[in-house]
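Before any comments, here is the structure.
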Amino acid sequence: MMNPTSIQQKLRNFILHELIFVADPESFGDHNDLLLAGLDSMAIMRLIIFIENEFGVTLPDSEIEPDNVRSLFALEHWIAGHQEK
Amino acid sequence: MRPHPEAIIRILNPADYFTLAIDEEIRKEGMPGSVCGFALELKGRPDSNQLGDRIDDFCRNFPVSRGKLQKIGRRYFWCKRQQPEKVFFLHECSDRQDVIDEFHSTILRVINRMEPRETVHPIEFHLFPGTAKSILLVRWIHPFCDAVGVELVLKYLAADPPPVENECNKPQVSLVNQKISRFTLWRKFGLILKTKNWIEQIDQFQSILPAGQSSPPQRLNFKVFRLDLAQSRKITETSRQQVGLTGTSLYYIGCLMRAIDRMKTRSTGEAYCVPYAFNLRKQKALTPVTGNHVGALFAQAPVETVQDRARLFKHLTSQYRRTIRDELDYAFLPLMWAAQWMSLERVGKTLRQSYRNGKERSSFWFSDAGQSDLAGRDLCGAPVRGVFHLAQVTTPPGLALLTCVFENRLTLSYNFVEPLYDLDWILGLHQQVLPELLGER
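Chains as they are written, first to last, in the working numbering: chain A, 767 to 851; chain B, 230 to 670.
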């Protein structure tokens with residue numbers, strides 16, 4: 767299993783390099799709201815496919831909810847929950 | 230006559246050229262070309278002198294905005310004009326209550342104005358000032374920029390203090406070129422093949438058109454509906470239940486497919502097929518402002534599927550997931566790149582006509598601008614109270630739905646080509662769309 771820090775770093779790189787613009791990426795915290803930062807429905811779908819390919823997990827559609835994608839922290843926990851299964 | 234090399238500002242990027250092919254298609258039908266509108270509804274009257282200064286400042290920083298399109302050899306370029314021309318226009322007005330209805334006929338004149346491609350302004354600003362309400366209509370031609378770019382232009386104009394050296398002034402790179410440059414030559418060929426197979430798959434079904442298409446197009450008309458907060462909230466909730474967090478645009482598309490099917494005016498055919506664009510800019514990015522940075526996708530559903538609501542949304546969601554998983558969303562990019570060396574006619578035909586039967590592929594056009602960032606801003610002293618979009622559309626299909634959300638309220642802008650459709654038909658269509666969106670069927 768991949769360690770959580772590595773998951774979060776990969777998520778951070780993908781989200782901030784490919785999906786949303788943040789003026790100062792260094793100061794973007796793990797608990798900052800990604801939805802407010804601009805993560806829209808199409809970006810979420812790209813993110814899900816990235817996660818499934820990168821971390822080898824399957825995320826059920828029924829779990830694609832705001833609470834699971836709201837922050838880097840929430841995403842990391844969502845992924846980790848599925849890696850343990 | 231060839232222009233002096235110094236007159237060239239820049240070459241069109243692959244996505245610009247793609248939109249130029251659509252411009253050609255619309256012009257061939259005797260319409261003004263790929264002309265679009267982005268309207269800001271304002272509370273009160275903005276300071277028109279200050280606005281004029283901001284527009285001048287914008288044009289100085291983005292010289293393409295005062296350029297003209299020119300074909301040199303086989304390629305198209307933005308070139309300088311001999312004399313910079315006026316791009317800010319102030320219109321007469323009175324003070325009736327509904328500002329959109331009040332200015333409707335003038336907006337129609339602006340959006341339907343015909344001009345040769347070589348002289349048309351890339352972007353114009355039309356202010357309709359009233360004491361209680363005003364409208365600023367930005368009219369632009371698509372090769373100049375896309376709708377996200379115009380929102381960035383408006384943010385530039387509304388910035389307080391005015392931007393001097395910020396993100397907006399960075400070089401306007403092409404995101405399509407940037408993306409393509411990451412692909413190896415073999416990957417480009419692979420993606421072109423993937424696009425071809427995908428289009429052939431789509432073309433197995435003959436597309437349905439919403440209404441008869443026998444009369445030649447005369448002008449674009451539009452009708453805007455702004456739903457209230459309760460309706461908009463209900464639509465968000467229903468959309469989440471039906472298509473989840475990732476399919477909001479698909480929900481609107483599906484509802485429109487079902488509404489058209491209920492109108493009982495459709496042509497014969499087997500499936501609804503809807504092109505829509507996705508933007509390559511990162512969300513909330515301030516640059517690039519000018520140029521087009523979009524890829525294209527199709528949503529398609531056979532008519533039997535459309536008639537079963539639950540099945541339709543399941544179908545559209547899994548089709549979309551497959552599209553992203555198989556990278557079909559990026560598959561169009563190398564084709565767009567290759568298309569730069571093809572004639573506009575050839576690109577237009579490839580985009581529009583079914584490989585199988587040569588008929589129109591699109592049942593209607595759709596664009597979702599999403600949540601507007603202009604909420605809470607003010608333009609030269611006038612707070613922004615709403616936005617809506619306009620777009621000339623090819624005939625067929627002659628119909629486009631342009632959606633956006635402003636202050637949590639969903640705005641639907643129906644754009645339709647007369648006489649193929651009239652206002653009564655659109656009002657009837659909206660009567661079908663609304664209960665679909667609200668999940669009442």
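Idealized CB from N, CA, C, for every residue including glycine. Just so we're clear, the structure is a prediction, and the values are computed from it rather than from any experiment.
With distances taken between CA atoms, B/A560 lies nearest to B/I421 out of B/T360, B/H544, B/I421, B/A500. Secondary structure note for B/T477: its alpha helix (DSSP H) is the uninterrupted segment 477 to 492. Listed along the chain, the chain A residues whose CB falls inside 8 Å of the CB of B/F542 amount to none; the nearest CB is some 11 Å away. Among the residues facing chain A, B/R554 is included, as its CB has a counterpart in that chain under 8 Å away. Counting only unbroken stretches of 3 or more residues, the beta strand (DSSP E) elements lying wholly within the stretch 336 to 417 of chain B are 352 to 357, 362 to 370, in sequence order.
In the three-state reduction of the DSSP assignment, A/N798 falls in the coil class. Nearest to B/N644 by C-alpha distance, out of B/I284, B/R575, B/S596, B/L608, is B/S596. Counted as a single uninterrupted DSSP element, the stretch harbouring B/S444 is not any alpha helix (DSSP H), since DSSP gives it neither H nor E.
Residues of chain B whose Cβ lies closer than 7 Å to the Cβ of A/S807 are, in chain order, L474, T475, G476, T477, S478. Annotation: Cβ neighbours of B/A514 in chain A (cutoff 7 Å, chain order): F787. In the three-state DSSP reduction, B/A604 falls in the coil class, being neither helix nor strand. Contact between B/K362 and B/K272 is confirmed by a C-beta separation of about 6 Å, below the 8 Å threshold.
When 9 Å is used as the limit between beta carbons, B/K511 is near these residues of chain A: L782, H783, E784, L785, I786, F787, V788, G804, A809, in chain order. Collapsing the DSSP output to three states places B/T516 in coil. Within 10 angstroms of the beta-carbon of B/F418 lie fewer than 16 other beta-carbons, which makes it exposed.
Per DSSP, the continuous alpha helix (DSSP H) segment holding B/T465 begins and ends at 458 to 472. Taking a 10 Å sphere around the C-beta of B/K297, we find 16 or more other C-beta atoms and assign the residue as buried.
With respect to the 8 Å criterion, A/Q774 and A/E829 are not classified as neighbours on the basis of their beta carbons. Every unbroken stretch of the alpha helix (DSSP H) spanning 4 or more residues and falling wholly within the stretch 248 to 335 of chain B is given here in chain order: 277 to 290.
Uninterrupted alpha helix (DSSP H) stretches at least 4 residues long and entirely within the stretch 514 to 590 of chain B occur at 532 to 535, 538 to 554, 557 to 568, 573 to 581, given in chain order.
In the structure shown, B/V662 falls within a helical segment according to DSSP collapsed to helix, strand and coil. Listed by position along chain A, the residues whose Cβ is nearer than 8 Å to that of B/R462 form an empty set, because the closest Cβ is around 14 Å away.
Around the C-beta of B/P625, 16 or more other C-beta atoms lie within 10 Å, and the residue is accordingly described as buried. In this structure, B/V616 keeps its C-beta atom at 8 Å or more from the C-beta atom of B/A244.
For B/H618, the uninterrupted beta strand (DSSP E) run begins and ends at 611 to 620, by DSSP. The three-state reading of DSSP puts B/I437 in coil, since its state is none of H, G, I, E or B.
Look at B/F507: its C-beta is under 8 Å from a C-beta on chain A.
Not a single C-beta of chain B is nearer than 8 Å to the C-beta of A/P826.
In terms of CA proximity to B/W427, B/D555 leads the group B/Q471, B/P351, B/D555, B/G262.
Fewer than three Cβ pairs drawn from the stretch 527 to 538 of chain B and the stretch 510 to 518 of chain B lie within less than 8 Å of each other, which leaves the two stretches out of contact.
The alpha carbon of B/A376 has as its nearest neighbour, out of B/W654, B/L619, B/L639, B/V634, the alpha carbon of B/L619. Note that the C-beta distance between B/I340 and B/F373 is not below 8 Å.
One thing to note: B/S436 has its Cβ within 8 Å of the Cβ of B/C502. B/Q442 and B/L656 have their C-alpha atoms spaced approximately 19 Å apart.
Shown here, B/N644 sits in a strand according to DSSP, grouped into three states.
Among the CB atoms of chain B, none fall inside 8 Å of the CB of A/R836.
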